[in-house]
Structures are given as structure tokens and as C-alpha cells.
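Just so you know, the sequences run in chain order W and X. Using my numbering, read the first sequence as starting at 3 and increasing by one per residue. Using my numbering, read the second sequence as starting at 6 and increasing by one per residue. For every residue, glycine included, the Cβ atom is placed at its ideal position computed from N, Cα and C. Values in this document were obtained by computation on a predicted structure and should not be read as measured data. Read through the structure below, which is laid out as C-alpha cells, and then see the notes.
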Amino acid sequence: MKVAAILLDTCRELLYRKTLWIYSGIVSLTLLFFLLALQTDVAGGVIASLKVFGLEGHASGGGFTLDSQQGGGSAGLTAASFVQGIQIAVAFVLYPLGIMLSVFATAGLVPSLLERGLIDLLLSKPVSRPMLFLSRFLGAVLVAAVNLIYLVGGLGLILGIKTGVWNPGFLLSGLAMALYFACLLGFVALFGVLFRSSAVSIMMTAVIFVASLIVRWPHQNADWPRLITGRAARFVAQGLVETLYHALPRTYDFGQIVAALILGRGTASLGAMLGSALAGGAALAVATYYFSRIDF
Amino acid sequence: MRALEGLDLRVPRGAVFGLLGPNGAGKTTLVKLLLGIAFPTAGRATVLGRPPGDIEAKARMGYLPENHRYPPHLTGEQALHYFGRLSGLRSPGRASRVDGMLRRVKLDAWRSARVRTYSKGMMQRLGMAQALLNDPELLILDEPTDGIDPIGRHEIRDILIEQAGRGTTIFLNSHLLSEVERLCTRVAILKDGLLVREGSVDELTRPTNVHEVTTRGLTPETLAALQSRIPGLSADVAGAEGGPRRLELRGGQEDLNRLIDLLRERNVEIAAVRQSRESLEDVFVKIVGEKAP
């Protein structure tokens with residue numbers, strides 16, 4: 003009951019801040035677009051005709067054009083490829099946007115929890131500090147996950163009804179993104195409890211995001227240490243890159259995981275997911291420990 | 006720097022205990038240590054027989070912090086439900102308890118307004134409501150009447166008197182010494198983290214050698230005659246002729262007896278005789294003003 007109370011309050015606070023309403027609005031518009039504007043006929047698993055706002059879709063070169071000419075079809079484009087294409091496009095636009103807005107919305111959750119006058123009240127209640135902190139974290143993850151589920155569930159359903167193609171990989175990609183957000187939120191929580199400032203939390207999380215993309219290249223390229231001449235400097239630089247790569251959420255890898263899940267190509271990298279989960283979990287554990295030990 | 010040092014204090018069950026001290030004396034620190042909001046570097050404390058911060062003990066306590074604030078997105082009613090849930094109150098009993106508390110602190114009409122729209126006095130009353138929600142055995146209040154107008158103060162005092170009548174132990178931190186004097190059965194004074202005085206209000210506020218004598222029918226001529234014979238006698242400003250007049254006598258029992266004899270000889274009616282006591286404020290100012298040895 004106490005956990006449920008904190009979850010409910012966290013959701014209320016996030017809804018009150020309205021940042022996530024912007025994301026829900028964008029997702030709703032996207033879903034409405036596909037619901038109302040897209041018309042398809044599928045025959046034998048192939049797109050026989052396609053209309054967007056009444057304009058006919060025609061295959062041209064490697065892409066699609068929309069015009070008022072009738073007939074022509076979609077040149078053998080399979081419904082599955084069509085659906086996967088839309089899902090990839092939506093995922094690579096709306097997932098990063100969702101993550102960004104979720105970070106903005108949730109960055110203030112820990113600093114607001116720590117405000118004088120409120121934290122004294124909360125800690126005077128029969129709730130343990132870890133329960134208070136982790137329930138708040140869980141509430142933020144739930145709200146972000148609900149937004150992602152709204153997107154993938156809604157779009158998957160609309161495209162499934164219109165084309166007959168049901169892609170479970172798209173749903174899984176939404177869950178993968180929720181996991182990525184949870185990993186990132188572990189760092190948001192850590193910065194929140196250390197600096198007690200939403201702005202600093204957002205900035206530091208942006209640094210984490212960019213750093214996680216940057217260190218991936220030297221991690222993947224065995225030749226890069228040759229660029230550094232000094233042996234000690236090379237050792238330090240290599241150590242730093244590997245430490246950062248393993249200590250941060252693996253943003254680039256998650257992008258690949260999302261693509262692999264949607265396209266059904268190969269298997270998603272469990273190692274990257276596990277590594278990111280461990281990194282986020284470690285950040286959250288440090289944040290929880292620190293929160294449990296500080297004087298207010 | 007040590008916030009508290011060598012503090013040895015026991016608050017008996019059922020007492021209304023006042024903790025006094027100037028700013029920075031360590032009052033709030035002590036409360037935070039008792040609740041597990043801050044951690045001691047050394048020493049031992051128990052609250053309701055349990056260590057500070059113990060979940061089971063906290064379920065039996067209510068706390069109103071100084072400058073408390075509530076999540077601005079909640080209404081008064083939602084805030085009480087939230088803190089009620091955290092205190093372990095279950096529905097449907099919680100709903101009736103919240104309703105009752107809102108009525109008791111006179112916020113019933115504001116239950117659906119967001120707390121960010123509340124005035125300071127309303128916030129303080131909401132704070133009292135959340136502190137009393139779980140019907141605590143121990144109520145800890147840090148400046149409960151801070152920033153409240155006299156009527157609001159009176160209402161909060163009534164609530165505390167009622168709560169004390171139910172057997173709740175009340176631990177009160179306050180700058181308002183008159184409030185403490187009226188409410189508390191025992192008082193402790195902290196200064197620079199040290200306990201400098203502890204006892205009942207009667208023990209701390211000793212009788213003085215000043216007596217107040219209220220008279221009726223005292224003429225200016227009689228007063229002048231009395232003052233010529235008793236040096237420590239003064240009087241308030243004269244009111245209507247033949248009306249009550251308050252005399253103040255600085256002296257011992259012998260002087261008082263002499264004054265009473267003289268008043269009776271002159272057929273002046275004696276309405277009341279009262280020996281003055283030091284107020285808690287006098288005691289506090291004296292103690293706090295003393296230089297550390």
C-alpha cells in the first residue's frame with residue numbers, strides 16, 4: 003500500500019508537470035495520422051494499393067511517391083516490409099524524443115523529493131528510505147513505459163488491422179526502450195540526489211548520453227590506440243574508454259537492438275542490454291545508498 | 006562543530022513537553038535525530054522504546070516539521086490521503102479519518118483546493134491534520150504556531166489541549182514562550198547544544214518578592230499616605246473613582262502584611278492578592294543571556 007501511494011504520487015507529479023503530455027500529444031497525433039490518413043489493400047501479403055490522405059502511393063526508385071495518378075501499385079512491396087519500414091521510422095523519431103522528454107520530466111523528481119520541509123515529512127512516516135526512493139524511481143519508469151506502450155501498442159494495433167501484419171518485434175522494441183530509459187533514469191536519480199538540481203541532472207544525463215555514444219567507436223575499433231604514441235597514455239586512454247563503455251548505458255547498441263527487433267534480423271544483443279541494466283542498476287544502487295545515509 | 010553535546014533527556018509518557026532554546030541551540034536537530042531524519046555521530050536514544058527512525062515506532066508518531074511543505078500538485082484531501090497511506094492507514098477507515106481531520110482543522114471547505122493555494126495558516130492546520138491522522142501516541146511539533154494569527158494559534162492550542170487530554174505525549178519545539186507556558190507540563194532549555202535547564206513550569210518559574218494587590222475604593226490621598234509609609238509600593242494609573250486599582254508591592258511577607266493592615270484600617274476593600282512568579286520568558290531570557298562558563 004505504501005509503495006502504491008508513492009507510485010500514485012509520482013504519477014500525479016509527472017502528470018502535473020505536463021512535460022509528458024507533450025509527448026502523449028505527439029504520439030496521439032501520430033496514431034491519428036495512421037488511423038485516418040493511411041489506407042491499404044493487401045493481397046497475398048503484398049501491398050496492392052496504398053493511399054495517404056486520398057493520394058495514391060507509387061513505388062519510385064528506392065522510395066515512395068504520393069500523387070493523384072491511379073493504379074501502378076507498389077511494385078511488389080510486401081506488407082511486412084511496409085509495416086517494418088513505418089515502425090523503424092517512427093521508432094527512430096519518437097523513441098529518442100520520448101526518452102528526451104521523459105528525462106526532462108523526471109529529472110526533477112529526486113530534487114523535489116529532497117526539498118526541505120517535504121523530505122522531513124516523508125521521512126517521519128513509517129516508510130524506509132530505500133522504499134521511498136526506489137518507489138519514486140519505479141513510478142517514473144512506469145509513466146515513461148506507459149507512454150512507450152501507448153505508442154507501440156497503438157501503432158502496432160493500427161498497422162495490424164490495416165495490413166494484417168502483426169509484428170511482435172515492435173512491441174519488444176518498446177520494452178527495450180523502456181529498459182534503456184530505466185538505465186538512464188538510474189543516472190538521473192544519482193545526479194538528482196548528489197546535486198539536488200533538475201537542471202544539473204538533465205545536463206549530466208545529456209553528458210552520459212553523448213559519452214555513451216562516443217566511447218562506443220574506440221571500443222569497437224581495435225586500431226585506435228595506435229593514434230596515441232605514449233605507452234602510459236595509451237594504457238590510460240584504453241582503460242578510460244573501456245571503463246566508460248561498461249559503466250554507461252549502451253545507447254548505440256540499444257539503437258541496433260531496436261532495429262533488430264523491429265526487422266526481425268538476428269537476435270538482440272542480450273549482452274548490451276544486460277551491461278546497460280547493470281550500469282543503470284549500479285548508479286541506482288549508489289543513489290539509494292547515498293539517500294539512505296544522508297542527514298536532512 | 007557539535008550540534009548537541011552531553012544531552013540527557015527523558016520525556017515521560019503523557020507529558021506535554023516543551024523544548025526551548027534560541028536559534029541554533031539544536032532543538033530541530035534533536036527532533037530530526039529522534040525521527041531518523043538525521044543521524045547522530047555518537048550517543049543513544051529511544052523513542053517509544055525503539056531506536057530512532059524505527060518504522061514501527063514511526064507508525065505510532067505524528068510529526069509537524071518547521072516550514073513544512075506539501076507536493077504542490079495535491080489538494081488538501083489528496084495530501085492527507087497520501088500521508089495517511091504512508092502511515093499505514095487503510096481504506097475505508099482512512100477516508101472517514103481524513104474527513105474528520107479536515108473538519109477538525111476547519112479545512113473542510115478547502116479540501117479540493119490545491120495546497121499551493123493555501124495560506125500559511127491553512128498550511129499549518131493541514132500540517133496538524135497530517136500529524137494527527139494516525140492518532141499518534143507521540144506528537145512532535147516544531148514551531149506549530151509559527152506565522153499564524155492569534156485566532157489560528159488559539160485553534161491549534163485547543164487541538165493540542167484536546168489531544169493531550171486523550172493521553173498523547175506531546176513534544177513541542179517553540180519560540181512562543183507564552184504558548185509553551187500555557188500548554189506544557191515540563192520544559193527543557195537548550196543552549197549551544199547543551200541542556201541548561203529542565204523541570205516543570207512551576208519549578209522553573211519561581212515566585213518573586215513582588216505581590217499584586219487589587220483594591221476597590223482607594224483614593225489618591227490614601228495611596229499617597231500608604232506610599233509614604235511603605236517604600237516599595239507602586240500603583241497603576243487611576244481609573245474611575247471608587248473603581249479597582251492594582252497595587253504592586255516589592256518586598257517581603259512583612260511588607261505585605263503591613264500593607265493589608267493599613268488598607269483595612271482605611272476601609273479599602275481588598276479584591277485580590279497574588280504573588281507574582283517569574284514568567285517563562287523571564288527565565289528563558291536570563292538563562293540564554295548568561296555567558297557560558
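Which residues, in chain order, does the region 110-133 of chain W contribute to contact with chain X at a C-beta distance below 9 Å?
Ser-114, Glu-117, Arg-118, Gly-119, Leu-120, Ile-121, Asp-122, Leu-123, Leu-124, Leu-125, Ser-126, Lys-127, Pro-128, Val-129, Ser-130, Arg-131
With Lys-63 of chain X as the anchor, note down where its alpha helix (DSSP H) starts and where it stops.
60-63
Using three-state DSSP, classify His-221 of chain W as helix, strand or coil.
helix
Give, in chain order, every unbroken run of the alpha helix (DSSP H) that is at least 4 residues long and sits entirely within the region 8-46 of chain W.
21-38
Using a Cβ-Cβ cut-off of 6 Å (strictly less than) and excluding sequence neighbours within five positions of Gly-194 of chain W, which residues of its own chain qualify?
Val-112, Pro-113, Ser-203
Determine the chain X residues that contact Phe-298 of chain W at a beta-carbon separation under 8 Å, and present them in chain order.
Lys-37, Ile-42, Ala-43
Expected contact under 8 Å - CB spacing of Ile-153 of chain X and Lys-125 of chain X to nearest Å:
7 Å
Residues in its own chain within less than 6 Å of Gly-67 of chain X by CB, not counting five upstream and five downstream?
Ala-136, Leu-137, Pro-141, Leu-144
Cα separation between Met-133 of chain W and Phe-106 of chain W?
23 Å
Mind listing, in chain order, the continuous alpha helix (DSSP H) runs of no fewer than 4 residues lying wholly within the region 197-266 of chain W?
200-216, 218-222, 233-249, 253-265
DSSP state of His-159 of chain X, grouped into three classes?
helix
Around the C-beta of Arg-234 of chain X, are 16 or more other C-beta atoms found within 10 angstroms, so that it is buried, or is it exposed?
exposed
So, helix, strand or coil for Leu-143 of chain X, using DSSP?
strand
8 Å Cβ shell around Thr-190 of chain X - same chain, five flanking residues per side excluded
Ala-20, Val-21, Phe-22, Ser-205, Val-206
Near Ile-275 of chain X, what residues of its chain come up, given a Cβ to Cβ distance below 7 Å and the 5 sequence neighbours on each side ignored?
Val-218, Thr-220, Ile-265, Leu-268
Looking at the structure shown, is Met-3 of chain W part of a helix, part of a strand, or coil, going by DSSP?
coil
Within the same chain, show all residues whose beta-carbon is closer than 6 Å to that of Gln-41 of chain W, passing over the 5 residues directly before and after it, in chain order.
Lys-53
Pick from W:Leu-57, W:Asn-149, W:Asp-297 that is closest to Leu-38 of chain W, judged by C-alpha positions:
W:Leu-57
Please decide whether Gly-93 of chain X counts as near chain W, where near means a Cβ-Cβ distance under 7 Å.
yes
Can you pull out the residues from the region 46-74 of chain X whose beta carbon lies closer than 9 Å to at least one beta carbon of chain W?
Gly-58, Asp-59, Ile-60, Glu-61, Ala-62, Lys-63, Ala-64, Arg-65, Met-66, Gly-67, Tyr-68, Leu-69, Pro-70, Glu-71, Asn-72, His-73, Arg-74
Quick one: residues in its chain with C-beta nearer than 7 Å to the C-beta of Val-36 of chain X, no 5 flanking neighbours on either side, listed in chain order?
Ile-145, Asp-147, Asn-178
Can you check which of these residues, X:Ser-117, X:Val-185, X:Tyr-123, X:Ala-114, is closest to Pro-149 of chain X by C-alpha distance?
X:Val-185
Go ahead and label Gln-258 of chain X buried or exposed: buried means 16 or more other beta carbons lie within 10 angstroms of its beta carbon, across all protein chains shown.
exposed
Taking buried to mean at least 16 other C-beta atoms within 10 Å of its own C-beta, is Val-85 of chain W buried or exposed?
buried
Is the Cβ of Tyr-18 of chain W closer than 7 Å to any Cβ of chain X?
yes
Drop a sphere of 10 angstroms on the beta-carbon of Trp-219 of chain W, count the other beta-carbons inside from all chains shown, and report buried for 16 or more, exposed for fewer.
exposed
Quick test of your reading: Leu-85 of chain X and Ala-118 of chain X, contact by CB under 8 Å. State the CB separation rounded to the nearest angstrom.
That pair is no contact at about 13 Å.
Enumerate, from N- to C-terminal direction, the unbroken alpha helix (DSSP H) stretches of 4 or more residues contained entirely within the region 101-149 of chain X.
125-137
Applying a beta-carbon distance threshold of less than 8 Å, which residues of chain W neighbour Phe-88 of chain X?
Leu-123, Lys-127
Chain X contact for Lys-4 of chain W (CB, 7 Å cutoff)
yes
Assuming Thr-12 of chain W contacts Gly-47 of chain W (C-beta within less than 8 Å), just tell me the rounded distance between them.
About 45 Å; that fails the 8 Å criterion.
Counting only Cβ pairs nearer than 9 Å, list the residues of chain X close to Ala-7 of chain W.
His-86, Tyr-87, Phe-88, Gly-89, Arg-90, Leu-91
For Arg-263 of chain X, the first and last residue of its enclosing alpha helix (DSSP H)
258-270
Along chain W, which residues have their Cβ under 8 Å away from the Cβ of His-159 of chain X?
Correct list: empty, because the minimum Cβ distance to chain W is about 24 Å.
Report the rounded CA-to-CA distance for Val-16 of chain X versus Leu-195 of chain X, giving the unit in angstroms.
15 Å
Cβ atoms of Phe-172 of chain W and Gln-2 of chain W: under 7 Å apart, would you say?
Here chain W covers residues 3 to 298 and nothing more, so residue 2 of chain W does not appear.
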